[in-house]
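4 is the number of the first residue of the sequence shown in my numbering; add one for each residue after it.
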Amino acid sequence: MTSRIRSVGIVGAGQMGAGIAHVSALAGYDVFLHDLSEEQIESGIATITGNLARQAGAGKIAEEAMHQAQDRLNAAPSMKALASCDLVIEAATENEAIKRQIFANLCEALNPEAIIATNTSSISITRLASATRAPERFIGIHFMNPVPVMQLVEVVRGIATDDETFEAARHYVASIGKTIAVAEDFPAFIVNRILLPMINEAIYTLYEGVGSVVSIDTSMKLGANHPMGPLELADFIGLDTCLSIMQVLHDGLADSKYRPCPLLVKYVEAGWLGRKAGRGFYDYRGEKPVPTR
Ligand code: NAD
4 MTSRIRSVGI VGAGQMGAGI AHVSALAGYD VFLHDLSEEQ IESGIATITG
54 NLARQAGAGK IAEEAMHQAQ DRLNAAPSMK ALASCDLVIE AATENEAIKR
104 QIFANLCEAL NPEAIIATNT SSISITRLAS ATRAPERFIG IHFMNPVPVM
154 QLVEVVRGIA TDDETFEAAR HYVASIGKTI AVAEDFPAFI VNRILLPMIN
204 EAIYTLYEGV GSVVSIDTSM KLGANHPMGP LELADFIGLD TCLSIMQVLH
254 DGLADSKYRP CPLLVKYVEA GWLGRKAGRG FYDYRGEKPV PTR
């Protein structure tokens with residue numbers, strides 16, 4: 004059963020979907036990438052091609068492996084084009100209504116034996132599974148950003164996930180050379196349960212004027228040995244994703260310590276979503292990132 008996964012479908016060709024497609028194609032899977040429009044799919048494929056070339060240029064992968072991975076990447080302009088996939092990983096926008104609609108459409112398109120996984124950062128796997136026809140074949144496979152670089156993948160079972168699906172997910176994660184951490188299905192799982200409250204606190208520290216963007220990031224880099232400052236990291240994750248994870252923690256655990264910082268809300272309202280939007284706590288439109296506060 005575990006080796007039956009040959010082709011992997013990915014819904015959402017943004018930063019995470021492109022990364023998951025990248026590592027899956029390098030590991031030998033046929034990959035089918037779907038998004039809302041052909042332009043978004045093509046832009047995802049262009050990102051992957053560029054990142055593969057960068058890895059080959061740095062000697063991290065062989066030229067031949069790069070070409071083979073490129074050949075395994077396919078655009079899937081409709082859900083129907085995912086019909087032959089054994090595993091489909093949903094990596095669309097962190098919004099429950101969007102994800103539920105995707106699962107309903109996937110159930111129509113896929114072989115009933117296919118496994119559906121979600122890369123959600125925070126939404127309940129059990130609740131998302133209820134939007135599918137076969138909750139026993141639904142699981143959380145949660146990658147870290149950037150996918151080609153980060154070693155960890157959290158695997159999260161919903162209440163109904165069966166052992167076969169869990170083992171298939173474990174096998175897939177091992178086959179792409181990543182390390183698994185099994186997390187229970189509670190809001191934001193392990194990494195984001197710990198990481199996002201720290202980022203939110205850094206934004207409160209900025210909001211209350213305790214420090215500037217630069218002093219907060221410098222403090223955590225040099226004072227706590229973090230490779231990136233928390234505000235830089237928030238921009239990297241995407242401020243909309245950060246806000247949505249804090250909302251899930253706040254709603255799911257009903258504890259005021261998870262209250263999203265009003266400044267984070269304001270940045271999201273402004274469309275300053277971080278790196279992907281060209282502006283967040285830093286402005287990335289020039290040669291060097293410049294703090295926006
Ligand atoms: P992103 O904004 O870069 O990409 C999301 C993509 O989903 C976009 O290309 C969008 O067009 C597409 N999309 C939206 N609705 C769709 C639909 N109905 N059908 C098909 N595609 C659709 O976001 P991202 O950072 O790649 O995050 C995607 C998922 O991964 C979210 O669930 C997020 O929580 C999770 N995640 C993000 C990170 C991170 O650091 N950014 C880390 C781990 C997990």
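Note that CB positions come from ideal geometry on N, CA and C, so glycine has one too.
A distance below 7 Å between beta-carbons, with the five flanking residues on each side excluded, links Leu76 to the following residues of its chain, in chain order: Ala24, Ala28, Val34, Leu36, Ile48, Ile51. Between the beta-carbon of Val26 and that of Ile144 there is about 12 Å, and that puts the pair past the 8 Å contact cut. Shown here, Ile48 sits in a helix according to DSSP, grouped into three states.
For Thr168, the enclosing alpha helix (DSSP H) begins and ends at 166-178. Exposed is the label assigned to Met231, since fewer than 16 other Cβ atoms lie within 10 Å of its Cβ. Along the length of the segment 61-124, whole beta strand (DSSP E) runs at least 3 residues long occupy 76-78, 90-93, 118-121, reported in chain order.
By the Cβ criterion, the segment 242-250 is in contact with the segment 191-208, since at least three pairs of Cβ atoms, one from each stretch, lie closer than 8 Å. Glu211 sits in coil when the DSSP states are folded into three classes, being neither helix nor strand. Given a length threshold of 3 residues, each whole run of the beta strand (DSSP E) inside the segment 128-171 is given here in chain order: 141-146, 155-160.
Within 7 Å of the C-beta of Lys279 there is at least one heavy atom belonging to ligand 1.
If you draw a straight line from the Cα of Asp220 to the Cα of Ala59, it comes to about 32 Å. The Cβ-Cβ distance between Phe106 and Val159 does not fall below 8 Å. Following the DSSP letters along the chain, one finds Asp254 in no beta strand (DSSP E) but inside the alpha helix (DSSP H) bounded by residues 242-256.
DSSP, read as helix, strand or coil, puts Ile13 in strand.
The alpha-carbon of Gly31 is positioned some 33 Å away from that of Gly281.
Cβ atoms of Ala94 and Gly12 stay farther apart than 8 Å, at about 11 Å.
The beta carbons of Leu55 and Gln73 sit closer together than 8 Å. Counting only the Cα atoms, Leu225 lies some 43 Å from Ser40.
Leu234 and Thr129 have their C-alpha atoms roughly 31 Å apart.
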